[in-house]
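Right, one structure below, let's go through it.
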Amino acid sequence: MSPKFKATFEAKGFLFTALWDEQGCLWHLTFGDAPAPLFLKRLKQKGYSLSFVLAPQAFKESVVKELLTYFSGHKKTPVYPSFLLGSPFEKKVWQALLEIPWGEVKTYAWLAQKIGSPRALRAVGQALAKNPIPIFYPCHRIVAKNGPGGFSSGFKVKKKLLALEGVNVNSLTF
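Read in order, the letters of the sequence shown correspond to residues 27 to 200 in this note's numbering.
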């Protein structure tokens, strides 16, 4: 199994690029008109092809539907069959993100504690930076104890996503 299909599409003013395998599992979703360079590097390192064909319309429509539901303010994290390309530690971090409810934020320390590695704050941050499917695995809900923390697509996008969920980043107490 490997990513074979690619599509670029717009949802609520955001441009996205997604990659799927033949079974329709989502491997990657990124803001912008191309897959994230870090993800492509990982694919290449693992021996996967970097040659993609246009995704079937049904794949794209299903992901767009989930994103539009999310952007419409429905208080649920989008769900879609996915394949997570990462280490066991990274997968553990990404799976734990699903436990953070819509409209809530947690700290890197909380996440490290949640996965049973309370001292692994930096490793947790690195795993979040490699999250292949943001929004669906809501890494934007993780903040630093003394500030908003990072986001692979930039603070501006993180702030918009949190605002959509009713979180005022400027009023968070750290």
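Ideal placement from N, C-alpha and C gives every residue a C-beta, glycine not left out.
CB of residue i within 8 Å of CB of residue j, strictly
i: residue 115; j: residue 33; result: no
i: residue 160; j: residue 179; result: yes
i: residue 107; j: residue 95; result: no
i: residue 190; j: residue 42; result: no
Boundaries of the beta strand (DSSP E) in which residue i is found, first to last residue
i: residue 125; result: Looking at the DSSP string, residue 125 is not in any beta strand (DSSP E), and its letter there is neither H nor E.
For residue j and residue i, the rounded distance between their alpha carbons
i: residue 79; j: residue 142; result: 40 Å
i: residue 153; j: residue 125; result: 16 Å
i: residue 193; j: residue 31; result: 34 Å
i: residue 149; j: residue 174; result: 17 Å
i: residue 64; j: residue 156; result: 7 Å
i: residue 56; j: residue 49; result: 20 Å
i: residue 51; j: residue 109; result: 6 Å
i: residue 70; j: residue 28; result: 11 Å
i: residue 1; j: residue 44; result: Since the first residue shown for the chain is 27 and the last is 200, residue 1 is missing from the structure and cannot be characterised.
i: residue 36; j: residue 158; result: 18 Å
i: residue 134; j: residue 102; result: 22 Å
i: residue 177; j: residue 119; result: 15 Å
i: residue 74; j: residue 58; result: 22 Å
i: residue 185; j: residue 47; result: 31 Å
Run of the alpha helix (DSSP H) containing residue i, from where it starts to where it stops
i: residue 170; result: Where residue 170 is concerned, there is no enclosing alpha helix (DSSP H), given that its DSSP letter is neither H nor E.
i: residue 162; result: Counting along the chain, residue 162 falls outside any alpha helix (DSSP H), and DSSP gives it neither H nor E.
i: residue 30; result: Neither: residue 30 is in no alpha helix (DSSP H) and is coded neither H nor E.
Fill in: beta strand (DSSP E) segments (min. 3 residues) lying fully within the stretch 37-115
Those beta strand (DSSP E) runs which fall completely within the stretch 37-115 and span 3+ residues are 40-46, 52-57.
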